[in-house]
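Peer 1:
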Amino acid sequence: MTDIQQLMSCEKFLNDLIGKFVSIKLKWGMEYKGMLVSRDAYMNFLLTNAEEWTNGVMAGKVGDVLIRCNNVLYVRDLSDEKL
């Protein structure tokens with residue numbers, strides 16, 4: 001797969017996640033689970049109805065949260081899992 005094909009594949013994956021429940025793991029260990037409202041070209045993410053998780057334990061509900069790109073370790077689809 002060429003670099004352009006891989007980039008387009010990532011773009012499609014992230015665009016397909018809008019409106020779905022996702023988990024975004026941060027470099028610092030926290031994880032945010034909620035519905036992905038939007039994202040931008042820099043990989044900044046806006047979640048709604050978000051929950052903060054630390055070490056597998058829910059720390060609390062945070063509502064709307066904007067996650068800055070340089071903090072993101074990974075993003076995964078939770079739409080098939082129960083929250």
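Numbering (full-length UniProt numbering), first residue to last: 1 to 83. The beta carbon of each residue, even a glycine, is placed where N, CA and C say it ideally should be. Because the structure is a prediction, the values reported are computed rather than measured.
1. Please confirm if the region 48-63 is in contact with the region 72-81, defined as three or more CB-CB distances below 8 Å between the two stretches.
2. Given that a residue counts as buried once 16 or more other Cβ atoms are within 10 Å of its Cβ, and exposed if not, what is residue 42?
3. Residue 17 by DSSP, collapsed to three states: which one?
4. Assign residue 60 to one of two classes, buried (16 or more other C-beta atoms within 10 Å of its C-beta) or exposed (fewer than that).
5. Taking residue 27 as the reference, which of 51, 81, 71 has the closest Cα?
6. Specify the secondary structure class of residue 55 as computed by DSSP and reduced to three states.
Peer 2: Taking the structure as given:
1. no
2. exposed
3. helix
4. By the neighbour-count rule (16 or more Cβ atoms within 10 Å), residue 60 is not buried but exposed.
5. Comparing alpha-carbon positions, the option among 51, 81, 71 lying closest to residue 27 turns out to be 71.
6. coil
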